[in-house]
Amino acid sequence: GQQLNQSPQSMFIQEGEDVSMNCTSSSIFNTWLWYKQEPGEGPVLLIALYKAGELTSNGRLTAQFGITRKDSFLNISASIPSDVGIYFCAGQLTSSGTYKYIFGTGTRLKVLA
Amino acid sequence: DTAVSQTPKYLVTQMGNDKSIKCEQNLGHDTMYWYKQDSKKFLKIMFSYNNKELIINETVPNRFSPKSPDKAHLNLHINSLELGDSAVYFCASSVGIYYGYTFGSGTRLTVV
Chain A
1 GQQLNQSPQS
11 MFIQEGEDVS
21 MNCTSSSIFN
31 TWLWYKQEPG
41 EGPVLLIALY
51 KAGELTSNGR
61 LTAQFGITRK
71 DSFLNISASI
81 PSDVGIYFCA
91 GQLTSSGTYK
101 YIFGTGTRLK
111 VLA
Chain B
114 DTAVSQTPKY
124 LVTQMGNDKS
134 IKCEQNLGHD
144 TMYWYKQDSK
154 KFLKIMFSYN
164 NKELIINETV
174 PNRFSPKSPD
184 KAHLNLHINS
194 LELGDSAVYF
204 CASSVGIYYG
214 YTFGSGTRLT
224 VV
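Line by line, the protein sequences give chains A and B.
For the first sequence, the positions run 1 to 113 when the numbering used here is used.
For the second sequence, the positions run 114 to 225 when the numbering used here is used.
So this is what it looks like as structure tokens:
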């Protein structure tokens, strides 16, 4: 089946550093979403991207929809301790007429104060 | 007000039992979903309903049966629970099939 590979799998960074993570696939997606999940909670939508090449920001977060439509990137600037969590990308496929989102494997972010 | 609420939050049960998880959303969304998150945090879609109609049914054992009495509710019934069913189950909803989801806080199911 289709897979979304996220990298890095996990990262430890110092408070104040910038963070970059990406999501890649061999399939073409029509929409990309980025979510953050904290312990004991459901994923929370951070950014939605609907067009190839689109660059969208949400506060210190910026995400881009790759031109090839096979990848997406998320950057977090000036990280703070509350950025800790698991970040998931999700891409929407339209094959076979079903519009389901496939989730990536997640990037676990830990911020050292 | 909780947008997508699931009950119970924790469920511990013995193998072979039948259990249900309830989900309600007060967002007025048309589409609802069940996702399973395994111990490695991988999220996989199980079912999707749009206006009470089943539109996605992934390769899920027949022991799992979703029911949507109205578009604000999507319940999940599981028969003959097995150890491998232990996971966190998330309900989610969206405005339509193209848009991002709002997730509930999850139900941690432990089968012993």
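For every residue, glycine included, the Cβ atom is placed at its ideal position computed from N, Cα and C.
List the residues of chain B whose Cβ lies closer than 8 Å to the Cβ of L55(A), in chain order. Within chain B, no C-beta atom comes nearer than 8 Å to that of L55(A); the closest sits roughly 17 Å away.
From the DSSP output, in three-state form, read off P81(A) for me. helix
Do the region 149-163 of chain B and the region 115-132 of chain B touch if we need at least three Cβ pairs shorter than 8 Å? When C-beta atoms of the region 149-163 of chain B are compared with those of the region 115-132 of chain B, fewer than three pairs fall below 8 Å, so the two segments do not count as touching.
Can you give me the C-alpha to C-alpha distance between N22(A) and C89(A), rounded to a whole angstrom? 8 Å
Comparing the C-beta of K100(A) with each C-beta of chain B, is any distance below 8 Å? yes
Beta-carbon proximity of L194(B) to V224(B), cut-off 8 Å: yes
Is G197(B) helix, strand or coil when you go by DSSP? helix
Would you check if the region 196-205 of chain B and the region 17-33 of chain A touch, i.e. whether three or more CB-CB distances between them fall below 8 Å? Under the Cβ criterion (8 Å, minimum of three pairs), the region 17-33 of chain A does not count as touching the region 196-205 of chain B.
Any beta strand (DSSP E) of 3 or more consecutive residues that is wholly inside the region 151-199 of chain B: 156-163, 166-170, 177-183 and 186-191
Three-way DSSP call (helix, strand, coil) for G91(A) in this model: strand
A116(B) - containing beta strand (DSSP E), residue span: Here A116(B) belongs to no beta strand (DSSP E), and DSSP marks it neither H nor E.
What does the Cβ neighbour count give for A63(A), buried or exposed, with the cut at 16 atoms within 10 Å? A residue is called buried when at least 16 other Cβ atoms come within 10 angstroms of its Cβ; A63(A) meets this threshold and is buried.
Any C-beta of chain A under 8 Å from that of K154(B): Output row for K154(B): interface = yes.
Hey, how far is the Cα of F65(A) from the Cα of L33(A)? 9 Å
Check whether the region 43-51 of chain A touches the region 174-185 of chain B, taking contact to mean three or more Cβ pairs, one atom from each stretch, closer than 8 Å. Short answer: they don't touch.
With 16 other CB atoms within 10 Å as the buried threshold, where does P114(A) fall? As shown, chain A starts at 1 and ends at 113. That puts residue 114(A) outside it, with no answer to give.
Min CB distance F203(B) to chain A below 8 Å: yes
Mind pulling the beta strand (DSSP E) runs of 3 or more residues that sit fully within the region 8-94 of chain A? 10-14, 19-24, 31-37, 44-49, 55-58, 61-65, 71-76 and 85-92
When DSSP labels each residue in this structure, what does S247(B) get in the three-state scheme? What the structure shows of chain B is the stretch from 114 to 225, and residue 247(B) is not part of that stretch, so it cannot be assessed.
Under 8 Å, Cβ to Cβ, is there at least one residue of chain A near S218(B)? True, the Cβ-Cβ gap to chain A drops below 8 Å.
Assigned secondary structure, L4(A) (DSSP; H/G/I helix, E/B strand, else coil): DSSP places L4(A) in coil when its eight states are reduced to three.
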